[in-house]
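Residue 5 is where the sequence shown starts when you use my numbering, and the numbers rise one by one after that. Here the structure is laid out as structure tokens; the discussion comes afterwards.
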Amino acid sequence: MPKKIPMRRCVATGEQFPKKELLRIVRTPEGELKVDPTGRMNGHGAYIRKDVSVIDTARKNNALKRALGVDIPESFWDEIAQAMK
Numbered sequence: 005m006p007k008k009i010p011m012r013r014c015v016a017t018g019e020q021f022p023k024k025e026l027l028r029i030v031r032t033p034e035g036e037l038k039v040d041p042t043g044r045m046n047g048h049g050a051y052i053r054k055d056v057s058v059i060d061t062a063r064k065n066n067a068l069k070r071a072l073g074v075d076i077p078e079s080f081w082d083e084i085a086q087a088m089k
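Right under this line is the structure:
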């Protein structure tokens with residue numbers, strides 16, 4: 005039996021992708037925002053596709069703000085872009 009691939013939904017586009025193709029953004033229990041490259045960080049996570057155009061979409065439609073329930077500072081968008089490279 006083939007191994008099941010974990011699928012997650014991109015908050016910006018609403019499409020499902022294998023977990024490896026997505027970047028996890030976490031709101032920690034302390035309320036901080038962090039990029040989670042391991043996918044195992046403690047806190048509430050939201051996934052976004054590793055694509056620069058998707059960052060713009062997420063920024064325009066406030067997808068991360070809705071998914072995580074916190075305002076996303078401008079500087080954090082740069083951090084997300086850096087993590088995708």
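All C-beta atoms in this analysis are idealised placements derived from N, C-alpha and C, irrespective of residue type, glycine included.
Put simply, of R63, A71, K23, E25 the residue whose alpha carbon is nearest the alpha carbon of F80 is R63.
In this structure P33 touches G47 by the C-beta definition: roughly 6 Å separates them, less than 8 Å. Judged by beta-carbon spacing, I76 lies beyond the 8 Å limit of I59, meaning their Cβ atoms are not closer than that value. With a minimum length of 3 residues, the unbroken runs of beta strand (DSSP E) contained wholly in the stretch 5 to 47 fall at 11 to 13, 20 to 22, 26 to 31, 37 to 40. With respect to L27, A87 sits close: the two C-beta atoms are nearer than 8 Å.
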